[in-house]
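Written below as structure tokens is the structure these notes are about.
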């Protein structure tokens, strides 16, 4: 028994915001029985991952140890917590547990991949618990920007651990359970070994505001709007969607939900009972017949996603509806860092149409779903954990959160992805490192972030691509001239002759003077052709492209 | 005389923030004599312009009409106002006028391109004026985030026009002339026909703060810092660099400037007399010997530029100096939209080193260089222009600024790049459109943004690139099999066979069954090979790549 230990191992989400995946284990060293908390995705960008469809945590370690894995628990239904469930379930092969609304979304993830819904199990909130090997896990309700978010109460032979999940302290969250400080105090009263805690808003210095504070402001805005109003927010923010719809309804407008995710999410919320009242909605077809001043659209695409309803409205039309001069468009959302350019592009497109844009700049129409610094302090005061392990944050967030915790007299540590932490003693102790990283979903294929595939794409984007073809006969003599094709390169450079002509001349000249030894050796020949081609390009266009050399031998 | 008119034509900077270039003209229709105000650049990004070195306004119209052009006037030395001078001077061939500090920077732009410094003429501030065809142009000092910024007083036969340039209303700007409301009132007292005015901060609702307000806060921060302090800001913000250096000096620290731009800018400021006192600086070599708690670095790279000093310090070392646990790094700057990811990456790298990061979040250590909405109103009240033409802004800024002006009883209009506006009458009237756009500097070559070159690069980045080679003999019969090469694509897909093998088999099979007609027709053969290759890729890897087909004929 004395050799058993309790470990915590983030595989995603610690050192970044996104693709959460946290392992807990208990048992003898390297034989711990494991559970996984959350299995999320993150999104690609042109700078680092062009053409990639989705990004997963690298789960190689967990898959290698899947015989030790008991179950997956999902805290809530955001993509960065549930998005990878369907992509990895076959490799993990253990039950997935979640509360009803989250489970409904997780089941979509399974059926989207042709898997059975039945491996997703719906559980009730605390005090119900689920046994998973040496663990007993309960879902403790907490407020966030999606219904039925839960912290996990993880009872272990070493004591109780609380995994906060994403949360805020909202005692009036519009939809779902309010944060209940008494319940949290009750759960914590016999001592909490460790609080693993959301760090997203550790740099926000004022207490977070309640979801209920935005409704009245939104209603004022809608009442004052002369023509059509459209508003966007995350579809999963059911409370906000409800707030928007009710404000519109009170202002005498018909409500139309646009974008598949928006309709799907509200349906799931109604079916699972988290939403028991919602204004009557009209279809986009019916909406077209309604006078603009009596209509309100609630649409997807708050982050500027190119195919979502907001971007399509900004480009001209969506579901037959067009925004016009004097209409109002509300971003009831915060732009996630990295998405600014896309959102600003849309704002300018609306501006060109004469649409008035209202965003979060004044702080009236959006509140965050995460606990600010004073709220993190409040939670620590309620839970009184022996140690605080910050998660759900970039390195700077984790570090600031650990510092904050230590200043309040609690043991803490910065544990980024791959850091195995022993929670058994009085202080958290790093007890190992596991190789982690990112796995890309690229079309239908999972590739490693460091496989070189995406690196080659980035290089082609920066440098262009030149293809050199050479044909040699049976005696290694060139058959005709070198042939070049360019993609992503200017057709003409300093000499004002076509770049292809200059290249082919230089390369053909080289072939004429190359030794038999060079011509007979593919590697050497390719290397020389590449070197000459890059130099010629550099002279002509001031750029050294990526070069592919194809040597064909007639033998 | 009655057919003469006064026109305004933005070629860059109206409908975007960056690459400013504004034409004014006076004379008979289509024979107006012209001046150009500012000639700036903007910067590329991976999303829209990967691999591009610099972005210029498309000056085709101006170059075609260069016989009508009298001169170029540069308001101030920021890259988005002066950066393209060296790249276009030969095509325009007219004198360039600027105040001393700006002229010093413009001369660097000329000599960087091997051009003569002598075509850049230094002029003094108002009341000195320069005659250029029908115009008399004076440089009216105004405060901004670089020394010697000027508005232009453009006297025309139709009356006085004021082109604000970039500005803020700072009566204590630390370096350079304070904003002088009396002088502006004096210049405006006989009536101003049009104010062409900076729109950058039209959405900032509180009055702008003075540069002098940040010094005391920065000094407190440095006094409290236990070890080394490094701070970054735009090198061109000479006032801020001075504030940082003086705060460091008062806190008992030696000052070391790092990054070529930082040293170059301070040198130019001293040489041209805009900076007559600056703390003694130590070289990076000497800095290494100074105890960390007595040292302050002021470094380039506030926008996360990969090769600048900040990014290099974040990666480990710059000029032999390394940041360490407990050091402080201050971003005395605002992150420009689109640069967030790069800046955040650096913050996390510093966090991993244990460096404490301080940024602009609290509003203490940075103020903007542009006029906020109340300041725009104040300027209108001083100048009392007949009309206000917003410039230096995206469409949403221009629109809000025009609306604001109209609400204050002034004629206004949204005129984006390419819109020719007749200022002769009581109201601004659109009198034509000129084709505009962006010109990319790509290595050594200027290419059009719509030439398709960069589009091809983006497509390769998103989709990867497949090269198919086929050799046909004199009878149009395939010689051997089809040959494929991939770049930026996974090597294996759904069938678990190498992608290249599957492709080559499918393509070779097609060649075997292709008709003589197809085989003898290059276009048709390429089209078919491309189609098959894309379909095979889609089946195997769920992605349709860019395809280059090379058909070689032994004839």
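Protein chains in written order, with my numbering: chain A, 1 to 555; chain B, 1001 to 1555. Even glycine gets a Cβ: it sits at the ideal position worked out from N, Cα and C. The structure presented is a predicted model; accordingly, all values stated were derived computationally and were not measured.
DSSP three-state call for residue i: helix, strand or coil?
i	result
residue 1/A	Low confidence applies to residue 1/A: its pLDDT is 48, below 50, so where it sits in the model is not reliable, and the reading given next is rough at best. Residue state, collapsed to three classes: coil.
residue 7/A	strand
residue 132/A	strand
residue 1459/B	helix
residue 1019/B	coil
residue 75/A	coil
residue 1168/B	strand
residue 291/A	coil
residue 1394/B	strand
residue 491/A	coil
residue 1156/B	strand
residue 413/A	coil
residue 1228/B	coil
residue 296/A	strand
Going by DSSP, what residues sit across from residue i in a beta bridge?
i	result
residue 1483/B	1469/B
residue 26/A	6/A, 33/A
residue 318/A	321/A
residue 419/A	433/A
residue 54/A	441/A
residue 1357/B	1329/B
residue 1042/B	1055/B
residue 1012/B	1021/B
If you follow the beta strand (DSSP E) that residue i is part of, which residue opens it and which one closes it?
i	result
residue 122/A	120–122
residue 159/A	159–163
residue 1439/B	1438–1442
residue 1448/B	1445–1448
residue 1546/B	1546–1553
residue 1386/B	1385–1391
residue 1111/B	Looking at the DSSP string, residue 1111/B is not in any beta strand (DSSP E); the run it does join, the alpha helix (DSSP H), is 1100–1112.
residue 185/A	Careful: residue 185/A lies outside any beta strand (DSSP E), inside the alpha helix (DSSP H) at 181–188.
residue 1195/B	1192–1198
How many whole angstroms separate the CB atoms of residue i and residue j, which I take to be in contact at a CB cut-off of 8 Å?
i	j	result
residue 1020/B	residue 1080/B	6 Å
residue 1050/B	residue 1011/B	With 8 Å as the limit, residue 1050/B and residue 1011/B do not qualify as a contact, their Cβ atoms being about 25 Å apart.
residue 508/A	residue 481/A	4 Å
residue 1175/B	residue 1242/B	6 Å
residue 1063/B	residue 1109/B	Rounded, the Cβ-Cβ distance is 18 Å, inconsistent with contact.
residue 211/A	residue 364/A	Actually they do not touch by this definition, with Cβ atoms about 13 Å apart.
residue 1087/B	residue 1441/B	7 Å
residue 122/A	residue 99/A	7 Å
residue 1368/B	residue 1387/B	That belief does not hold up - the Cβ atoms of residue 1368/B and residue 1387/B are roughly 26 Å apart, past 8 Å.
residue 253/A	residue 304/A	Rounded, the Cβ-Cβ distance is 25 Å, inconsistent with contact.
What first and last residue would you give for the alpha helix (DSSP H) that runs through residue i?
i	result
residue 1512/B	1499–1513
residue 523/A	522–541
residue 1254/B	That residue, residue 1254/B, is in no alpha helix (DSSP H); its beta strand (DSSP E) goes 1254–1258.
residue 245/A	238–250
residue 223/A	214–224
residue 1517/B	1516–1519
residue 91/A	85–92
residue 1064/B	1060–1064
Is residue i near the ligand SAM, judged by its Cβ being under 7 Å from some heavy atom?
i	result
residue 1507/B	No copy of the ligand SAM occurs in the structure displayed, which carries no ligand at all.
Query raised in the report: Counting Cβ pairs, one atom from each stretch, are 3 or more of them under 8 Å apart for the region 1331–1349 of chain B and the region 1180–1187 of chain B?
Result: No, the region 1331–1349 of chain B is not in contact with the region 1180–1187 of chain B.
Requested in this report: Please determine if the region 331–339 of chain A and the region 1399–1417 of chain B are in contact, where contact requires at least 3 C-beta pairs separated by less than 8 Å.
Outcome: By the C-beta criterion, the region 331–339 of chain A is judged not to be in contact with the region 1399–1417 of chain B, since fewer than 3 inter-stretch pairs fall below 8 Å.
Query raised in the report: Counting pairs of beta carbons, one from the region 1234–1245 of chain B and one from the region 1298–1310 of chain B, are three or more of them closer than 8 Å?
Result: With a cut-off of 8 Å, the region 1298–1310 of chain B and the region 1234–1245 of chain B count as touching, because enough Cβ pairs lie within range.
**Report entry** At least three beta-carbon pairs within less than 8 Å, the region 1509–1521 of chain B to the region 1462–1481 of chain B
**Finding:** Here the region 1509–1521 of chain B lies against the region 1462–1481 of chain B, with 3 or more beta-carbon pairs under 8 Å apart.
Query - Cβ contact check for the region 533–553 of chain A and the region 1022–1031 of chain B: 3 or more pairs under 8 Å - result: No contact exists between the region 533–553 of chain A and the region 1022–1031 of chain B.
Query - Inter-stretch contact (C-beta, 8 Å, three-pair minimum) for the region 1263–1270 of chain B and the region 1198–1210 of chain B - result: No, they do not touch.
Report task. Could you say if the region 1242–1253 of chain B and the region 1370–1386 of chain B meet the contact criterion of at least three C-beta pairs nearer than 8 Å? Result -> As far as the Cβ criterion goes, the region 1242–1253 of chain B does not touch the region 1370–1386 of chain B, which means the pair count is below three.
Query raised in the report: Can we say the region 1526–1533 of chain B touches the region 1491–1507 of chain B, given the rule of at least three CB pairs closer than 8 Å?
Result: At 8 Å Cβ cutoff, the stretches touch.
Query raised in the report: Hey, is the region 1308–1322 of chain B in contact with the region 1255–1266 of chain B, meaning 3+ C-beta pairs nearer than 8 Å?
Result: Output reads yes: the region 1255–1266 of chain B touches the region 1308–1322 of chain B.
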